[in-house]
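J.: Per the numbering used here, the very first residue in the sequence shown carries number 135; after that it's consecutive. No residue lacks a Cβ here, since even glycine has one placed at the ideal position from N, Cα and C. Here the structure is a predicted model, which means the values were calculated and not measured.
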Amino acid sequence: MSGEALDLSGLVRTLVEPIVDYPDDLEVTQNEGEQGDYLVEIRVNEEDAGKVIGRQGRVIKAIRTLARAAATRDARHVEVEIVD
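(1) Output the distance between the C-alpha atoms of Val217 and Gly191, rounded to the nearest integer angstrom.
(2) With a threshold of 16 other CB atoms inside 10 Å of the CB of Asp182, please say whether the residue is buried or exposed.
(3) Can you find the residues in the same chain that come closer than 6 Å, C-beta to C-beta, to Val162, ignoring five residues on each side of it along the sequence?
(4) Let's see if you can read the secondary structure: which residues bound the alpha helix (DSSP H) around Val150?
(5) Identify, in the order they occur along the chain, each residue of the same chain with its Cβ nearer than 8 Å to the Cβ of Ile153, setting aside the five sequence neighbours on each side.
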């Protein structure tokens, strides 16, 4: 485990930014919980929400999978959520 926080918000931003039509409205925040787990919140323009979710949730599921894989290196748990 490293002493620094993982930059999962940067990873998620890199994955989401090319997908959305309004990248200026994209906001990605990362919070660390008490037990060392991470919560990454994605805020997008409401017209872009469907693109980030994808058909049957495939896009957001892929983003969550990549974020969890990155967090696994430091034995951490991460949740990625889209916030209204």
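T.: The relevant details are as follows:
(1) 15 Å
(2) buried
(3) Ser143, Val146, Arg147, Ile176
(4) 142-150
(5) Asp182, Lys185, Val186, Val193
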